[in-house]
Amino acid sequence: MDCSLVRTLVHRYCAGEENWVDSRTIYVGHREPPPGAEAYIPQRYPDNRIVSSKYTFWNFIPKNLFEQFRRIANFYFLIIFLVQLIIDTPTSPVTSGLPLFFVITVTAIKQGYEDWLRHKADNAMNQCPVHFIQHGKLVRKQSRKLRVGDIVMVKEDETFPCDLIFLSSNRGDGTCHVTTASLDGESSHKTHYAVQDTKGFHTEEDIDGLHATIECEQPQPDLYKFVGRINVYSDLNDPVVRPLGSENLLLRGATLKNTEKIFGVAIYTGMETKMALNYQSKSQKRSAVEKSMNVFLIVYLCILISKALINTVLKYVWQSEPFRDEPWYNQKTESERQRNLFLKAFTDFLAFMVLFNYIIPVSMYVTVEMQKFLGSYFITWDEDMFDEDTGEGPLVNTSDLNEELGQVEYIFTDKTGTLTENNMEFKECCIEGHVYVPHVICNGQVLPDASGIDMIDSSPSVSGREREELFFRALCLCHTVQVKDDDNVDGPRKSPDGGKSCVYISSSPDEVALVEGVQRLGFTYLRLKDNYMEILNRDNDVERFELLEILSFDSVRRRMSVIVKSAEGDIYLFCKGADSSIFPRVIEGKVDQIRARVERNAVEGLRTLCVAYKRLIPEEYEGICQLLQAAKVALQDRERKLADAYEQIEKDLILLGATAVEDRLQEKAADTIEALQKAGIKVWVLTGDKMETAAATCYACKLFRRNTQLLELTTKRIEEQSLHDVLFELSKTVLRHSGSLTRDTFSGLSADLQDYGLIIDGAALSLIMKPRQDGSSGNYRELFLEICRSCSAVLCCRMAPLQKAQIVKLIKFSKEHPITLAIGDGANDVSMILEAHVGIGVIGKEGRQAARNSDYAIPKFKHLKKMLLVHGHFYYIRISELVQYFFYKNVCFIFPQFLYQFFCGFSQQTLYDTAYLTLYNISFTSLPILLYSLMEQHVGIDVLKRDPTLYRDIAKNALLRWRVFIYWTLLGLFDAMVFFFGAYFMFENTTVTSNGQIMTTSTHMIFGNWTFGTLVFTVMVFTVTLKLALDTHYWTWINHFVIWGSLLFYVIFSLLWGGVIWPFLNYQRMYYVFIQMLSSGPAWLAIVLLVTVSLLPDVLKKVLCRQLWPTATERVQNGCAQPWDRDSEFTPLASLQSPGYQSTCPSATWSRSRPQQVTLAVWKGKVSAEPPPAPGCSHHSCSSSSMPGCPGSLVGMLV
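In our numbering, the protein residues as written are 2 to 1200.
Right, dumping it as structure tokens:
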């Protein structure tokens, strides 16, 4: 158990603090409270220093080494290196120590440089000048020297140096405007309010005379939550207690705007500020490729141990005969004869482990890290994913999940701001059954001066007119909209035309749309001044309402209220919110007519809100004030107490009407969803909207199609039937057709297929997730998952943020363990973004909380198509080849060494020279695979965008399955046997010359064990490099330079290494070996022949598989004449937009002959003017039932 927790518990209970609250007391200006008020207990808090760096000068080396050796591969090679140092091993410690040193050094330099940059940023931040009050004067000092309790002055456009409680400003109403763009990305101005009893303190002397203490919660990272209270002491009276909330808290990192200066008291400093507490990294996500890589490493570790065991056993079998145990040239000493047998065997086992340890590729980790880091720049550099309207491009917050973008099976998307623009437009309002539409078109002409048109024949009565004006006043008053400060609009604001020029700012686009809409209907909101809200009515008269209370909106209540007092002294409570939260609290009003209009608007895809009110008598208002005050000053469970208070206040309402706001669909959202479904990805929409609105949006974005049969699992249906019956009925419906459905193959392209779409609401989901009476909920969950798996699309409406995460988690941990992706733009989407395997934030209008907490961020939903179908596809293809290739080339490298032991009496003699052992993975074979993993394009970008079905070829980790892994391993074993036995049989017959040298009788070449090993190594380097060249589809000058340059480097290095006597070496065994080998013609023939034989099986396998069992990707490769030569990641955007740019894929031309609706549905790209394909062009075999007489394939159509 944590020691600090133990100390806290002991202090809590031993001191008898039964009602203990985790809070702190701050003495404003470090002034002690008056005598008898409370005990003065000075507390120690951290200074205002920000530390975002991980290391210091003193702990960098030990801490970094500790972190690096926590990786199992690094630790394994460290053990091997230590074994080589301790015991007599066949290879030098340099062979494993140098690669390990290289890996550790490169990683340490990278991490050290990144930390140095963090140190620089920290120092710049900690040394910023700050003004604070000391003895009634303004003093300047560095930010890092601030302490809790200091009173700070901040000027306009300055950043708050720590978390402050807002005491006063130069404004008379005690407000200030703040932007929090650096915290959550929201650029809109937020209004904060000074403490009521201190807002009149405008000078340094006044502030210095303040006598107060603040009690507040201990630091916690939630930017939008704060609980505290302030006790203001006067000379004689008891202290005045005022509640403190998030509206009184100014956060470090936020910027003061449109306010000359403010005074605040520091309550959280340094690493206890909310900004610093949000530095902590999110939980680490691991990709499926990384998991496969670790499994393969374990397999190869088992192979390594098996090899070492086999060789150890065979060594002692071989030495069981006396003359083999002690040959005449290697007699044992007496100490060696008396040595323990088991100790000798264990030492030999370790020696063999060292000899074969290169089968575990230590450099693979570094190469994978470099590939991910460098490869992530292709997303940020992609001009197609740059949004000119917002000036935003894609962001990569982590490069660890690049390849996971190519494995997505489920997408969970938010609706508002993700599928839609979050750009609200007021469409209409309904007041007691009468509909008002601003600027109605009548007889083809717009009526701009019409304040409202009654769409129903019956005109409202006199009381109806009163309700109408009350409704408009409610919309003008029940909001948190700010009017932008601008001296130019202060004068004309008071005229009706001037009122229409007001600029409104709010964190909610809905509120701005409602205020602007009611402005067009004759009522204009002017401003909030001195706690009075001013509105301009139809008669151009300014009405003033005193703002008494605001009952803030939250996602649980789904409503907000204000309590205002009119000039006549009448007190009103105005409430607006979702229909589901308003209707149950209404006791009067035309509910049926308004409900019918709300449902009609929802079906049309409009966002609806209901408006209600009630008149309060003074006694009732007094009771409400006391109830709210008691809840607001509570330090413990304040949120629950406030929620209970709101529940008691917002009841017995009178319904006034409803509003309808349109949120337009984002550009190309429908095309994106259609392409993702064709790629085999299931798309779920998770939203808090009502079912009808969300369903209309789903139809508009083609998630649901005209032939989709909708299945409902909603609260309304569960009330009619039991949950058990509904689930089993739905299960029978979808599973009855499961045998005949081929949806996964065609994804709804054929209208003849029966498609199912499921709609579920939050309440029904709660019932499904709720444990049953017998203590289990598994049966319902499994049944629900079975239904979902049989549906092409699922809509989850009325979802709370945590329910979104629950849905993602439910699918994520289902028995198939699919790869999930969550995408959203708001703070309510953060929970599901963090839960999914891949989280994508849309840089939208609801702030950047989603983008900050995501793995990737994109400007628009349409960019998801290219991110998955192109970038994700390429990332997965590249890294899977990288992983398999690394294991393959290391099998080629070590298996000849294993075979060599059978020919050297298991004496642990190395086959290769030390330099070759060290540089094989570092120099000779590293760069070609790195460049391949960065630049390979097996098909063109344009083809991948036009043909989403190619994404299915790599689904479910297809290229890293056991079958593929075993093939690469067997290919490596075959090639290794060709290298070894080819060289062995070619130089089998040897004779001893007169000077003692060994010469081959057939080739007359000087031959020894180092010549044999060098020949095997040469064939191996050429084979593994040419194997990669055969796998490369996208050739650039960089590929040519690196591949052929690596081979040339090996030859030049070998000539130098064997052609010079190096004085620093204590041996010269490689002198003249390579040159002597190349001086023999048969050696050249052997190299060419063995390389050809090694590559032949892989070439034959590829040719046969492409002809007999081609994948969709291979069919496209066969049918297209290198379309990627023109369209690649490196092709300038301007060239793609030129009129002369055409695809060279012949199957693209064939698609023009198909019916128009099919072409439009599946292909939004450019049509080539190339002639029809030749009769032999390869295509998919296609379904005769869906497209009879089709000369090509589904892929042919799309490409």
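Just so you know, even glycine gets a beta-carbon here, dropped at the ideal spot from N, CA and C. Since the model is a prediction, treat every value here as computed from it, not as a measurement.
| query | Any idea which residues DSSP pairs G825 with across the strands? | reply | Counting from one through the sequence shown, the residue named residue 825 turns up at place 824. DSSP, once it has assigned bridges, lists G842 as partnering G825.
Per DSSP, which one or two residues make a beta bridge with E589? The residue given as residue 589 occupies position 588 in the sequence shown. Answer is I655, bridged to E589.
Legend entry - DSSP three-state assignment for L420, whether helix, strand or coil: One-based indexing of the sequence shown puts residue 420 at position 419. Coil, per DSSP.
- DSSP three-state call for L712: helix, strand or coil? Here residue 712 refers to the residue found at position 711 of the sequence shown. Collapsing the DSSP output to three states places L712 in a strand.
Exercise. Along the chain, where does the beta strand (DSSP E) that runs through W685 open and close?
Worked result: For the purposes of this step, residue 685 is identified with residue 684 of the sequence shown, where counting begins at 1. For W685, the enclosing beta strand (DSSP E) begins and ends at 683 to 687.
* **Reference S696, options L402, A603, E640, V233, closest by Cα** => Translated into the one-based positions of the sequence shown, residue 696 becomes position 695. The amino acid occupying residue 696 in the given sequence is Ala; Ser does not appear at that position. If we check each option's Cα against that of A696, A603 comes out closest.
Q. In chain order, which continuous runs of the beta strand (DSSP E) of length 3 or greater are located wholly inside the segment 300 to 327?
A. Counting only runs of 3+ residues, no beta strand (DSSP E) is found wholly inside the segment 300 to 327.
What does the Cβ neighbour count give for D158, buried or exposed, with the cut at 16 atoms within 10 Å?
Along the sequence shown, one-based indexing puts residue 158 at 157. D158 is exposed by the Cβ-count criterion.
So, with DSSP's three-state summary, where would you put H1041? Translated into the one-based positions of the sequence shown, residue 1041 becomes position 1040. In the structure shown, H1041 sits in a helix (DSSP, three-state: H, G or I).
Alpha carbon to alpha carbon, what distance is there between Q135 and S5?
Taking the first residue of the sequence shown as position 1, residue 5 is located at position 4. Taking the first residue of the sequence shown as position 1, residue 135 is located at position 134. Any reading at S5 must be qualified, since the residue scores a pLDDT of 44, below 50, and its modelled position is unreliable; the value itself is stated next. If I take the Cα positions, the gap works out to 35 angstroms.
For P244, list the residues DSSP reports as bridge partners. The residue given as residue 244 occupies position 243 in the sequence shown. According to DSSP, which records beta bridges pairwise, P244 is partnered with R230.
Whole angstroms are fine: how far does the CA of P860 sit from the CA of G392?
For the purposes of this step, residue 392 is identified with residue 391 of the sequence shown, where counting begins at 1. For the purposes of this step, residue 860 is identified with residue 859 of the sequence shown, where counting begins at 1. Roughly 9 angstroms between the two C-alpha positions.
ask   = Just how far apart, CA to CA, sit S247 and K191?
value = Here residue 247 corresponds to residue number 246 of the sequence shown, with the count starting at 1. Here residue 191 corresponds to residue number 190 of the sequence shown, with the count starting at 1. So the alpha carbons of these two residues sit roughly 11 angstroms apart.
Review point. Taking Cβ positions, are D164 and L252 nearer each other than 7 angstroms?
Key: As a working mapping, residue 164 is identified with position 163 in the sequence shown. As a working mapping, residue 252 is identified with position 251 in the sequence shown. Yes; because the gap between Cβ atoms is below 7 angstroms, this pair is in contact.
- Message: Nearest by alpha-carbon distance to V1100: which of D976, R1116, T1114, A597 is it?
- Response: Working through the sequence shown from its first residue, we reach residue 1100 at position 1099. That would be D976, whose Cα lies nearest to the Cα of V1100.
**Report entry** Contact the segment 936 to 945 vs the segment 861 to 877: 3+ CB pairs below 8 angstroms
**Finding:** yes
Note to self: In chain order, what are the residue ranges of uninterrupted beta strand (DSSP E) at least 3 long that sit wholly in the segment 752 to 808?
What the structure shows: 756 to 762, 794 to 798
(Q) Contact defined as beta carbons within less than 8 angstroms: I believe A277 pairs with P91. What is the distance between those atoms, to the nearest angstrom? (A) Translated into the one-based positions of the sequence shown, residue 277 becomes position 276. Translated into the one-based positions of the sequence shown, residue 91 becomes position 90. Incorrect: roughly 54 angstroms between the Cβ atoms, too far for contact.
Quiz prompt | At least three beta-carbon pairs within less than 8 angstroms, the segment 941 to 954 to the segment 394 to 406 | solution = no
task: Using three-state DSSP, classify G973 as helix, strand or coil.
output: By 1-based counting over the sequence shown, the position of residue 973 is 972. In this structure, G973 counts as helix in the three-state DSSP scheme.
(message) Using CA atoms only, rank isn't needed, just tell me which of A579, I625, D645, L529 is closest to L572.
(response) Stepping through the sequence shown from its first residue, residue 572 is reached at position 571. Residue identity check: residue 572 is Ile in the sequence provided, not Leu. Ranking the options by Cα distance to I572, first place goes to I625.
Requested in this report: Decide if the segment 662 to 682 is in contact with the segment 415 to 427; the criterion is three or more beta carbon pairs, one per stretch, under 8 angstroms apart.
Outcome: In short, these stretches touch, since the Cβ pair count reaches three.
(Q) If you reduce the DSSP assignment to three classes, tell me which class S741 lands in. (A) Stepping through the sequence shown from its first residue, residue 741 is reached at position 740. Bear in mind that the predicted position of S741 carries a pLDDT of just 47, short of 50, making it too unreliable to give a figure here.
Review point. Can a CB atom of chain C be found closer than 7 angstroms to the CB of L1048?
Key: Considering every chain present, this structure includes no chain C. It has just one protein chain.
Close beta carbons around I820, own chain, < 7 angstroms, minus the five adjacent residues each side: Taking the first residue of the sequence shown as 1, we reach residue 820 at position 819. Only A289, E405, Q408, V409, E410, H838 meet the Cβ criterion.
- Going along the chain, which residues of its own chain have a beta-carbon closer than 8 angstroms to the beta-carbon of D511, five neighbours each way excluded? In the sequence shown, residue 511 corresponds to position 510, counting from 1. Taken in chain order, the residues that qualify are M425, R608, L610, V662.
Using a 10 Å radius around the Cβ and a threshold of 16 neighbouring Cβ atoms, would you call N891 buried or exposed?
Start at 1 with the first residue of the sequence shown, and residue 891 comes out as number 890. With 16 or more Cβ atoms within 10 Å of its Cβ, N891 is classed as buried.
task: Kindly give me the distance between the Cβ atoms of P47 and G265, rounded to whole angstroms, as I take these residues to be in contact under 8 angstroms.
output: On the sequence shown, residue 47 is found 46 positions in, with the first residue counted as 1. On the sequence shown, residue 265 is found 264 positions in, with the first residue counted as 1. Their Cβ separation, rounded to whole angstroms, is 18 angstroms, which puts P47 and G265 out of contact at 8 angstroms.
How big is the Cα-Cα spacing for R782 and I769? The residue labelled residue 782 in the question sits at position 781 within the sequence shown. The residue labelled residue 769 in the question sits at position 768 within the sequence shown. Cα-Cα distance, rounded: 6 angstroms.
Check whether D116 and K55 have beta carbons under 7 angstroms apart: Walking along the sequence shown from the start, residue 116 turns up at place 115. Walking along the sequence shown from the start, residue 55 turns up at place 54. Yes, the pair counts as a contact, with Cβ atoms nearer than the cut-off.
- Message: Measuring straight from C-alpha to C-alpha, what distance separates G1014 and L1109?
- Response: Numbered from its first residue, the sequence shown carries residue 1014 at position 1013. Numbered from its first residue, the sequence shown carries residue 1109 at position 1108. Approximately 40 angstroms between the Cα atoms of the pair.
Cβ-Cβ separation, I361 to A74 (assumed contact under 8 angstroms), whole Å:
Locating residue 74 in the sequence shown gives position 73, counting from the first residue. Locating residue 361 in the sequence shown gives position 360, counting from the first residue. That pair is a contact at about 7 angstroms.
Counted within 10 angstroms of its Cβ, other Cβ atoms place D383 as buried (16 or more) or exposed: Here the question's residue 383 lines up with position 382 in the sequence shown. With 16 or more other Cβ atoms within 10 Å, it is buried.
Could you check the C-alpha separation between R707 and I412 for me, to the nearest Å? Here residue 707 corresponds to residue number 706 of the sequence shown, with the count starting at 1. Here residue 412 corresponds to residue number 411 of the sequence shown, with the count starting at 1. Roughly 22 angstroms separates the two Cα atoms.
Out of curiosity, what's the CA-to-CA distance linking K863 and V686? The count along the sequence shown starts at 1 and reaches residue 863 at position 862. The count along the sequence shown starts at 1 and reaches residue 686 at position 685. One C-alpha to the other measures close to 15 angstroms.
- [ ] Take the Cβ of S377 as the centre, count every other Cβ of all protein chains shown within 10 Å, and call the residue buried at 16 or more, exposed below.
- [x] Working through the sequence shown from its first residue, we reach residue 377 at position 376. Looking at its Cβ environment, which holds 16 or more other Cβ atoms inside 10 Å, S377 is buried.
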